[in-house]
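The listed protein sequences derive, respectively, from chains U and Z. Following our numbering, the numbering of the first sequence begins with 1 at its first residue and continues without gaps. Following our numbering, the numbering of the second sequence begins with 1 at its first residue and continues without gaps. Contents: one structure, followed by commentary.
2 protein chains.
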Amino acid sequence: MSAKPPLPHQPVRGSATGRPIMALLDLLGRRWSLRVLWELQGGPLTFRALQTACDGVSPTVLQQRLKELRAARLVIHDGGRGYALTEAARRLQPNLMALQGWAEDWARETPGGSEEQE
Amino acid sequence: MSAKPPLPHQPVRGSATGRPIMALLDLLGRRWSLRVLWELQGGPLTFRALQTACDGVSPTVLQQRLKELRAARLVIHDGGRGYALTEAARRLQPNLMALQGWAEDWARETPGGSEEQE
DNA sequence: TAGTTTGCTACTGAATTCATAGCATAGCAG
DNA sequence: CTGCTATGCTATGAATTCAGTAGCAAACTA
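The structure is reproduced here in structure tokens:
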């Protein structure tokens, strides 16, 4: 039913080598993966709170992503507090924060606010 | 036909705020986006070379991603040498390299090689 | 002229994602 | 106990995206 979650040491979609970076690229390159990690940075969230934080993702996909992220040991589910980042995911946090800094510079030099695309 | 590419200052899929980080998360959260940036790190590649580097992505999707990445000013197409990262994308490079380092640590502490998932 | 490579598009089917509704469980007030 | 609320999660069908194959026009080689 569900595609197996991407893990290091295993072939993933788009790369049969099993290189960890490829598994990570596959994992993070799925819809809402990055966003979930981003929203979880502030602390644990319940399933519904997380869903709200992600602008109402469909529970189907959120459930799928959480399943994958849990398999990858990036997220754990603490019955009491909800979903939280693991120690490993927390080491990824600085990189995500760096992404934000980058994005702001990027926004400054990228048209798109006033221009219309299409 | 094609969805408009995510850009900063504009609402994107999953976030209407226009925050740059959300546009970036949407852009990078599409299949092959991160991979394309990754493969382009070594230098310019022609469309077909890039396609090969990405384990034979379908040209349809590659074309779509390149279109988006060009709209976002992360990739440019130099007729002679092929597709290349822009100055802005090159500033993103250290973060991607950091991801690789992280992925290797992650692999060390994540089962998946010998275990079977499902 | 033929042969190759380039970027790119058409077409069809498979996979993923979306949106809505709903379920079972648990806590808590009355 | 009953009624209310919140939790995590699942079912369904439709929409969107992606995949896989084939093929095109232009540029370059010889």
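Backbone N, C-alpha and C define an ideal beta-carbon position, used for all residues, glycine too. Quantities reported herein were computed from a predicted structural model and do not represent experimental measurements.
> Got a sec, what are the start and stop residues for the beta strand (DSSP E) A84 (chain Z) sits in?
Replying inline: In the second sequence, residue 84 (chain Z) corresponds to position 84, counting from 1. Under the DSSP assignment, A84 (chain Z) falls in the beta strand (DSSP E) whose first and last residues are 82 to 85.
> Thinking C-alpha only, which one of Z:C54, Z:L27, Z:Q10 is nearest L99 (chain U)?
Replying inline: The sequence position of residue 99 (chain U) within the first sequence is 99, counting from 1. Checking every option, the nearest Cα to that of L99 (chain U) belongs to Z:L27.
> By how many angstroms is the C-alpha of P5 (chain U) removed from the C-alpha of K67 (chain U)?
Replying inline: As a position in the first sequence, residue 67 (chain U) is number 67, starting the count at 1. As a position in the first sequence, residue 5 (chain U) is number 5, starting the count at 1. So the alpha carbons of these two residues sit roughly 8 angstroms apart.
> Beta-carbon separation of R81 (chain Z) and R30 (chain Z) under 8 angstroms?
Replying inline: Taking the first residue of the second sequence as position 1, residue 81 (chain Z) is located at position 81. Taking the first residue of the second sequence as position 1, residue 30 (chain Z) is located at position 30. With respect to the 8 angstroms criterion, R81 (chain Z) and R30 (chain Z) are not classified as neighbours on the basis of their beta carbons.
> Apart from the five residues on each side of it in sequence, which residues of its chain come closer than 7 angstroms, Cβ to Cβ, to T86 (chain Z)?
Replying inline: In the second sequence, the residue the question calls residue 86 (chain Z) occupies position 86. Once the five neighbours on either side are set aside, the close Cβ partners of T86 (chain Z) are R73, L74, V75, I76.
> Measuring CA to CA, which of U:E109, U:W102, U:L69 is closest to A84 (chain U)?
Replying inline: Within the first sequence, numbered from 1, the residue matching residue 84 (chain U) stands at position 84. Here the closest residue by C-alpha is U:L69.
> Taking just the CA atoms, how far does V57 (chain Z) sit from G14 (chain U)?
Replying inline: In the first sequence, residue 14 (chain U) corresponds to position 14, counting from 1. In the second sequence, residue 57 (chain Z) corresponds to position 57, counting from 1. For G14 (chain U) and V57 (chain Z), the distance between alpha carbons rounds to 8 angstroms.
> What three-state label does DSSP hand S15 (chain U) in the structure shown?
Replying inline: The residue you call residue 15 (chain U) lines up with position 15 of the first sequence. DSSP places S15 (chain U) within a strand segment (E or B) once states are collapsed to three.
> Three-state secondary structure (DSSP) at D55 (chain U)?
Replying inline: Taking the first sequence and counting its residues from 1, the one referred to as residue 55 (chain U) is at position 55. D55 (chain U) sits in coil when the DSSP states are folded into three classes, being neither helix nor strand.
> Ends of the beta strand (DSSP E) at H9 (chain U)?
Replying inline: As a working mapping, residue 9 (chain U) is identified with position 9 in the first sequence. H9 (chain U) -> no beta strand (DSSP E), and no H or E assigned at all.
> Using a Cβ cut-off of 8 angstroms, which residues of the stretch 57 to 73 of chain U contact any Cβ in chain Z, in chain order?
Replying inline: Of all residues in the stretch 57 to 73 of chain U, V57, A71, A72, R73 have a Cβ within less than 8 angstroms of some Cβ in chain Z.
>> On the CB-based measure, 16 or more other CB atoms within 10 Å of its CB, does A103 (chain Z) come out buried or exposed?
In response: On the second sequence, residue 103 (chain Z) is found 103 positions in, with the first residue counted as 1. Per the 10 Å Cβ criterion, buried.
> Relative to the alpha-carbon of Q51 (chain Z), which residue among Z:G43, Z:A88, Z:V36, Z:G42 has its alpha-carbon at the smallest distance?
Replying inline: Position 51 of the second sequence, counted from the start, is the residue given in the question as residue 51 (chain Z). Per the Cα distances, Z:V36.
> alpha helix (DSSP H) containing P20 (chain Z): first to last residue?
Replying inline: In the second sequence, the residue the question calls residue 20 (chain Z) occupies position 20. First-last of the alpha helix (DSSP H) with P20 (chain Z): 20 to 28.
> Is W106 (chain U) closer than 8 angstroms to P20 (chain Z) when the C-beta atoms are compared?
Replying inline: For the purposes of this step, residue 20 (chain Z) is identified with residue 20 of the second sequence, where counting begins at 1. For the purposes of this step, residue 106 (chain U) is identified with residue 106 of the first sequence, where counting begins at 1. Between P20 (chain Z) and W106 (chain U), the C-beta gap is smaller than 8 angstroms, which places the two residues in contact.
>> Beta-carbon within less than 7 angstroms of A88 (chain Z)'s beta-carbon, same chain only, minus the 5 sequence neighbours each way: which residues are those?
In response: Numbered from 1 along the second sequence, position 88 holds the residue referred to as residue 88 (chain Z). If we look at A88 (chain Z) and ignore the five residues flanking it on each side, its Cβ neighbours are R73, L74.
> So what's L74 (chain U) in DSSP terms, helix, strand or just coil?
Replying inline: Reading the first sequence from its first residue, position 74 is the one you call residue 74 (chain U). Here DSSP, grouped into helix, strand and coil, assigns L74 (chain U) to coil.
> Sorted by chain position, which residues of the same chain lie with C-beta nearer than 7 angstroms to H9 (chain Z)'s C-beta, five sequence neighbours on each side aside?
Replying inline: The count along the second sequence starts at 1 and reaches residue 9 (chain Z) at position 9. The residues are G18.
>> I'd like to know if A88 (chain U) contacts chain Z, where contact means its C-beta is closer than 8 angstroms to some C-beta of that chain.
In response: For the purposes of this step, residue 88 (chain U) is taken as residue 88 along the first sequence, with counting starting at 1. By the rule that beta-carbons nearer than 8 angstroms mark a contact, A88 (chain U) touches chain Z.
> Starting from W32 (chain Z) and walking both ways along the alpha helix (DSSP H), at which residues does that stretch end?
Replying inline: As a working note, residue 32 (chain Z) is residue 32 in the second sequence. That residue, W32 (chain Z), is in no alpha helix (DSSP H); it is neither H nor E in DSSP.
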